[in-house]
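Below is one structure, written out as C-alpha cells, with a few remarks after it.
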Amino acid sequence: MRDAKYDILFEPVAIGPHVAKNRFYQVPHCNGGGYRDPSAAAAMRGIKSEGGWGVIFTEQTEMHHTSEITPFIELRLWEDKDIPGLRRMSDAMKVHGALAGIQLAYSGINGPNFYTKEVPLAPSALPIRTFTNDPVQARALDRAAIKDLRRWFVNAAKRSKIAGFDLICLYGAHGFGIFQHFLSRATNQRTDEYGGSLENRSRFAREVVADIRDAVGDTTAITMRVSLDETIGELGFSNAEVREFVEMNADLPDLWDLAHGAWEDCSGPSRFKEEGAQELLVKGIRELSTRPVVGVGRFTSPDVMARMIRQGVLDFIGCARPSIADPFLPKKIEEGRIEDIRECIGCNMCITGDMTMSISRCTQNPTFMEEWRKGWHPERMNAKGDSQTVLVVGAGPAGLEATRALSVRGYDVTLAEATTTLGGRVARERLLPGLSAWGRVVDYRQYQISQRTNVETYFDSRLTADDVLAFGFEHVAIATGSHWRRDGVARQHVVPMPIDPAMTVFTPDDIMAKAHGELLAGKTVVVYDDDHYYMGGVMAEVMAKAGAKVILVTPSAYVSDWTRNTLEQGAIHVRLDDLGVDIRLNRGVTAIRAGEVETNCSYTGRRSAIGCDAVVMVASRLSEDALYNNLLARQADWADAGIKSVKIIGDAAAPAPIAWATYAGHRYARELDTPDIGDALPFRREVTQLEPA
C-alpha cells in the first residue's frame, strides 16, 4: 500500500467539465511516430493509462495544413480522414480511466510548410525559426486571415471532440505555438489591435478560447500551454509578463500549463538541469487564477512531487520524460513500490526520435514505442521457453538488462562480470561531470536483480572459451562491451592516423581510470573529437577542471554535434567557453607528432600545427568480441557442452549509445527460445492506404 504522505498525489481534481482521477499529468510529448505510426503511438499512450496517469496528452497535433513542420513527424488533424487514427489514440488513453487530451498546434513562425507548399502565416512577417534555419519567411496574418485561423481552430476543436478527446491544449510555449508568437513582442510587431500592449497581444488567445467554448465547451476542457520565460532579452515574453498575462486572463482556460522558454530550456538534460528546475519560475502563478496549474521539471521523486502540491506551487505534476522512462510511475507510488520505479536519467534519448524523424528510444525503458510494434509491455515479459539456463557474460547495461528480463521470464541466469563492479561503461561514465544521474541505469537493474532468486552474480570472472564450454549453460549472451580506440579511426580516418609514440595520447577510458593524473596546470591538451556525441565535450571539461589549457578540435561545425538532437549542444558549448576551452571547429587532425598536433581545415585541407603536451583521442570504439569469436571458432563443441546458442549483444556487437545497449539486452531476453521468423519483419508497421487512382 502507498505511504500516506503521497495521498495528496491521488486526489481527484476538476478540469473544466471533467475530473482527473489523480494529479499525475502526462504533458504533450513527441515520440517519433506521429501520423506515420498512429497505432504504435496509440498503444504507447494506452500503456500510460494502464500505468495510472490521470491525464494523458498527445504530442503536438498540426491542426491545419497551412502550418506544418516537415520534416518532423507529429500528429495531424487536417481533415476528417485524420479522426479515426486519433480516435484509436483517445480510446486507448481512456481504457483505465485517464482523461484524454489533444494538443492543437498552429506553428506560425516555426512552420516552413515544406510538405504542403503553403505560404507560412504568422503574427508578423519574419523569417521562419526552425532548427535548420530554413530560407523561408512568413507572411503577416491580416484581419481576414486571423478570422480564418480562428475558424480553423474551431474546426479542429470539433474534430477533436468527435475523436473522443476530453481536453484540448492550445500550444503557446517553447517558441513553437501561435499563441506565444502573438504574446511575444519578439514575434509580434503589429501596430493594430493585436499588437503593442499585452492586452492587445492577448486578444487572439481570448478570441480563440471563446470560439472553442461556444463550439465544444460544454463537454471539452480547454488548457493553455504558455512559456514561463522566453529568456531572449527585453523583447521576449518574460516571466513577469507571463504573470501579468495570467492575472489579466485569470479564468481564460480551464487549466494553465506552464513550460519554460525554448524546448532546450524546458527539457534540458540532467547534465544541465536538476529535477524541478522550473520551480522558481512557476512559484506564485497559481495564486493569480482560480484555475488549476500544471508544471514540469523532470519529476522523478515522489517526495518532490508531493511537496510541490502541498506548498501550493502546482495542482498537477506534469511529466513527459519520466512518463516515458516508467509509464507505471503513478501505479508504483500508489502500490508502495517506490524502489521499482525506473527513474528517468535525463539523457534526452527520447527526444532524438523527434529530432531524427525516427521511432523514439528510451535508455531506461526499452519497450517505449515497441508496445504495438513488438507487443512489448514495460511490466510484463513473455512466458519462458523450453530452456532453463542462461549465462550472461558482462554486467554493463546490455548484460544487466538481459539478466533482469530473463529472470522475470523465469530462466535461471548466471551473470559473470570481469571486474568487481556492476555497470560496465555506466559505472565509469556516471563519475564524469554532470552524468551522475546516468547511474540510475545500473541502480534500477542492480536492485531488481537482487530481488530475484533465480540470478547468481559472479565478480572477478574474466572467462575464456574453455570456461564457457565447461559450464554447461544452454544459452550464452556475450555482453563484454567495448573500449575507445587510440589510433584515431572514426569518421575522418578510416585507417590509423600517423601518431608519434613520443606524444602522450589518452583515450576516454584512460581519463576515466585517472591515468592522466589530477593536476595538469601549465599543460596544453588537445581534445580531438571525431565521435560527436557527449564524450568529447565531457573530456574537454575534465581536462579544463584539472588545470590544463584545453584546445578542442573537431571536424564538425558544432561542438558535440549530435547533441543537437538531445537539446544540449548549446549548453555544452557555453560551458566549455566558460571554462576557457579554445574551441576550433571545422578542423580535423591529420597527424600527431612529438610536441604538436597537425590539423587541417575540413573544407580546404589547409594544415597548421598546434603545440601541446598531450592529446585526448575521442574517436570510435572497438568491440570486446574476442570471447565471442573464440566460441564461434569452436562451434563444433557446443552440442557436447550442452550449448544451444551463443549471441553477442550491446556494445560488444556494435558500440552505440547506452539506449542501444539496454534495448539489445531486452530484445535478447524477449526473443530467447522463440520461433525463428526467417526473413519476416521483426516488428509490425502501418502502410499508407492508397487512394483511388
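Read in UniProt numbering, the sequence shown has 224 at position 224, and its numbers run on one by one without any break. All C-beta atoms, glycine included, are put in the ideal place defined by N, C-alpha and C.
Shown here, Cys601 sits in a strand according to DSSP, grouped into three states. Residue state for Trp376 is assigned as coil, using DSSP reduced to three classes.
In chain order, Met63, Leu77, Leu104 place their CB closer than 6 Å to the CB of Ala156, counting only its own chain and leaving out the 5 sequence neighbours on each side. Taking C-beta separations shorter than 6 Å and ignoring five residues to either side along the sequence, the partners of Leu86 in its chain run Ala163, following chain order. Per DSSP, the continuous alpha helix (DSSP H) segment holding Thr662 begins and ends at 658-671.
Pairing His516 with Val390 gives a Cβ-Cβ distance that is not under 7 Å. Here Ile102 is buried, its C-beta having at least 16 other C-beta atoms within 10 Å. Ser450 and Ser461 have their C-alpha atoms spaced approximately 19 Å apart. Distance from the CA of Arg271 to the CA of Tyr533, rounded to the nearest whole angstrom, comes to 14 Å.
Distance between Trp256 and Gln180, taken at the CA atoms: about 14 Å. Sequence-distant partners of Arg486 (beyond 5 residues in either direction) whose C-beta falls short of 7 Å from its own C-beta, in its chain, are Val505, Thr507, Met617.
With fewer than three CB-CB distances shorter than 8 Å, the region 440-458 does not count as touching the region 275-284. Where Glu199 is concerned, there is no enclosing beta strand (DSSP E), although the alpha helix (DSSP H) around it starts and stops at 198-201. Boundaries of the alpha helix (DSSP H) harbouring Met535: 535-545, taken from the DSSP string. Residue pairing by DSSP places Leu170 opposite Leu104, Met224 in a beta bridge.
DSSP, read as helix, strand or coil, puts Gln189 in coil. Gly297 is not a Cβ neighbour of Asp673, given a cutoff of 7 Å. Counting only unbroken stretches of 3 or more residues, the beta strand (DSSP E) elements lying wholly within the region 465-547 are 475-478, 482-484, 504-506, 524-529, in sequence order. Within a 10 Å sphere around the beta-carbon of Tyr106 sit 16 or more other beta-carbons, which makes this residue buried. Glu62 is bridged by DSSP to Arg76, Ala105. In the DSSP assignment, Arg452 falls outside any alpha helix (DSSP H) and carries neither an H nor an E. Sixteen is the threshold: when 16 or more other Cβ atoms of the shown chains lie within 10 Å of the Cβ of Ser160, as they do, the residue is buried.
With contacts defined as CB atoms closer than 7 Å, Asn565 and Met369 fail to qualify as a contacting pair.
DSSP, read as helix, strand or coil, puts Gln137 in strand. Uninterrupted alpha helix (DSSP H) stretches at least 4 residues long and entirely within the region 554-625 occur at 569-578, given in chain order. For Ala173, the CB contacts under 7 Å within the same chain, skipping 5 residues up- and downstream, are Gln180, Arg225, Val226, Ser227, Ala259 in chain order. Distances from the CA of Leu252 to each of Ser202, Leu235, Thr300 were compared; the closest alpha carbon is that of Ser202. Out of His29, Ala544, Glu50, Gly284, the CA that lies nearest to the CA of Gln60 is found in His29. In the three-state DSSP reduction, Gln635 falls in the helix class (H, G or I). In the DSSP assignment, Ser39 falls outside any beta strand (DSSP E) and within the unbroken alpha helix (DSSP H) covering 38-50.
For Ser323, the enclosing alpha helix (DSSP H) has its first and last residue at 321-325.
By the Cβ neighbour-count rule, Ala609 is exposed, with fewer than 16 other Cβ atoms within 10 Å of its own. Where Asp229 is concerned, there is no enclosing beta strand (DSSP E), because DSSP gives it neither an H nor an E. Per DSSP, the continuous alpha helix (DSSP H) segment holding Lys161 begins and ends at 143-162. When the alpha-carbon of Ala398 is set against those of Ala661, Val525, Asp218, the nearest one is in Ala661. Rounded to the nearest angstrom, the Cβ distance from Ala465 to Ile649 is 17 Å, too far for a contact under 8 Å.
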